[in-house]
Amino acid sequence: MSAIVSSSELAAEPPAQLVASTEAIACPLCRAWDRRPWGAENGFEAMKCGQCGMVYVTPRPKLEEISEANKIGEHRTADGALKVVYRRSPRKIRHYRDIVQLMFRAELEAGVPFSWLDVGAGYGELIEAVMDVLPPGSVVEGIEPMQPKVDCARALHLPVSSTPLAAMDRRFDVVSLINVFSHLPDFDAFLGDLRRVMNDGAILFVETGNGGDLSSAAEYPDRLYLPDHLVFAGVDHIRQFLQRNGFDVSAIHALRLDTVGWMAKNAVKRILGRDAKLGIPLSSPFRTVFFKARLQPRRT
Ligand SMILES: [Zn+2]
Numbered sequence: 070m071s072a073i074v075s076s077s078e079l080a081a082e083p084p085a086q087l088v089a090s091t092e093a094i095a096c097p098l099c100r101a102w103d104r105r106p107w108g109a110e111n112g113f114e115a116m117k118c119g120q121c122g123m124v125y126v127t128p129r130p131k132l133e134e135i136s137e138a139n140k141i142g143e144h145r146t147a148d149g150a151l152k153v154v155y156r157r158s159p160r161k162i163r164h165y166r167d168i169v170q171l172m173f174r175a176e177l178e179a180g181v182p183f184s185w186l187d188v189g190a191g192y193g194e195l196i197e198a199v200m201d202v203l204p205p206g207s208v209v210e211g212i213e214p215m216q217p218k219v220d221c222a223r224a225l226h227l228p229v230s231s232t233p234l235a236a237m238d239r240r241f242d243v244v245s246l247i248n249v250f251s252h253l254p255d256f257d258a259f260l261g262d263l264r265r266v267m268n269d270g271a272i273l274f275v276e277t278g279n280g281g282d283l284s285s286a287a288e289y290p291d292r293l294y295l296p297d298h299l300v301f302a303g304v305d306h307i308r309q310f311l312q313r314n315g316f317d318v319s320a321i322h323a324l325r326l327d328t329v330g331w332m333a334k335n336a337v338k339r340i341l342g343r344d345a346k347l348g349i350p351l352s353s354p355f356r357t358v359f360f361k362a363r364l365q366p367r368r369t
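For my numbering, count along the sequence shown from 1 and bump the result up by 69.
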């Protein structure tokens, strides 16, 4: 996923009211306090936990600032503000259609309609992909906190709304979380909120990068986008979060991003004066990882 950040936006002098108020935190996964520097950007530092190896931003903006930033798409940084406005990408629709067909083959072949909620739906690319492949009679909808993205998706007649997760009063057979994990300050609490909108035995479908498996940010194939990204997990970190919150991981699919096409795209961005990381194709240990996990039966 690429964001558009112009250098003039990053170079602005910070108005006093834009300086973020921050707080130091322990590792969100194992609660340990020992850690070492992993990467830095925009005046924020990402640290790697000395116990479990997960990477997280600390000190980080206070929770109310994170929540506000995720609504307006703008984060306060030491240099001013980081604007994160992602562009809608038709190529992503094909990409997600292939992934969903691969990872939900049994469910799709059964031909039984099911309900799917995409949380953090963005411009609705996953929704559009899912609508293409789900059995007739299925229900698909998305929720997204950032209003301009909602407006864009609705203009394309996609069922995306700005309804907060807490206000959802129905349950779904599948809930997806596509590149949302790294923006969440408390994944345990968020998984609790998700369980509330999931049917018994429902499937959680998560995509996130494996940044927490990398020894340093030098191996990360893109800018870090701190503090829009607050946490970077490895494959086993995600598995641990899911397991301790009542989900059993049933399938994992990892894809590399550092293809020749990706590197060529970044080279073009650089020529256009945009910020993009260059590297050697097929050399990065970074993967984007899809997890399929089933909600364990509720103990009542
Ligand atoms: Zn840890």
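A virtual CB, placed ideally from N, CA and C, is assigned to each residue, including glycine.
Computed from a predicted structure; not experimentally measured.
*Find out if the Cβ-Cβ distance for the pair GLY193, VAL243 is shorter than 7 Å.*
Along the sequence shown, read from residue 1 onward, the residue named residue 193 stands at position 124. Along the sequence shown, read from residue 1 onward, the residue named residue 243 stands at position 174. Against a cut-off of 7 Å, the Cβ pair of VAL243 and GLY193 comes out as no contact.
_So the candidates are PRO106, PRO214, PHE360 and VAL209; which of them puts its Cα closest to the Cα of LEU311?_
Walking along the sequence shown from the start, residue 311 turns up at place 242. The option with the nearest alpha carbon to LEU311 is PHE360.
*Evaluate THR277 with the Cβ neighbour count: other Cβ atoms within 10 Å of its Cβ, from every protein chain shown; 16 or more gives buried, anything less gives exposed.*
Mapped onto the sequence shown, residue 277 falls at position 208. So THR277 counts as buried.
*asked:* Helix, strand or coil, according to DSSP, for PHE316 in the structure here?
replied: The residue you call residue 316 lines up with position 247 of the sequence shown. DSSP places PHE316 in strand when its eight states are reduced to three.
*On a CA-only basis, which of THR91, ALA115, GLY315 and GLY261 is nearest ALA287? Give me that one, please.*
Numbered from its first residue, the sequence shown carries residue 287 at position 218. Considering only alpha carbons, the answer is ALA115.
*Assess, as a yes-or-no matter, whether the stretch 128 to 144 is touched by the stretch 286 to 302 under the definition of 3 or more beta carbon pairs within less than 8 Å.*
yes
*For VAL275, I'd like the list of residues in its chain whose CB is within less than 6 Å of its CB, leaving aside the five on either flank, ordered along the chain.*
Here residue 275 is taken as the residue at index 206 of the sequence shown, counted from 1. Closer than 6 Å at the Cβ level, and outside the excluded window around VAL275, lie LEU246 and PHE360.
*Per the contact definition of three or more C-beta pairs closer than 8 Å, is the stretch 134 to 147 in contact with the stretch 326 to 343?*
no
*Which of helix, strand or coil does DSSP assign to ASN248?*
Numbered from 1 along the sequence shown, position 179 holds the residue referred to as residue 248. In the structure shown, ASN248 sits in coil (DSSP, three-state: anything other than H, G, I, E or B).
*Determine the extent of the beta strand (DSSP E) in which ALA287 is found, giving its start and end residues.*
On the sequence shown, position 218 is the one that residue 287 refers to. Taken as a continuous stretch (DSSP letters only), ALA287 belongs to no beta strand (DSSP E), as it is neither H nor E.
*Got a sec: is the Cβ-Cβ distance from ILE307 to anything in chain B below 7 Å?*
Within the model displayed, chain B is absent; a lone protein chain is all it includes.
*Nearest to PRO233 by CA position, among PRO204, ALA190, HIS226 and ASP255, is which residue?*
The sequence position of residue 233 within the sequence shown is 164, counting from 1. Nearest of PRO204, ALA190, HIS226 and ASP255 to PRO233, Cα basis: ALA190.
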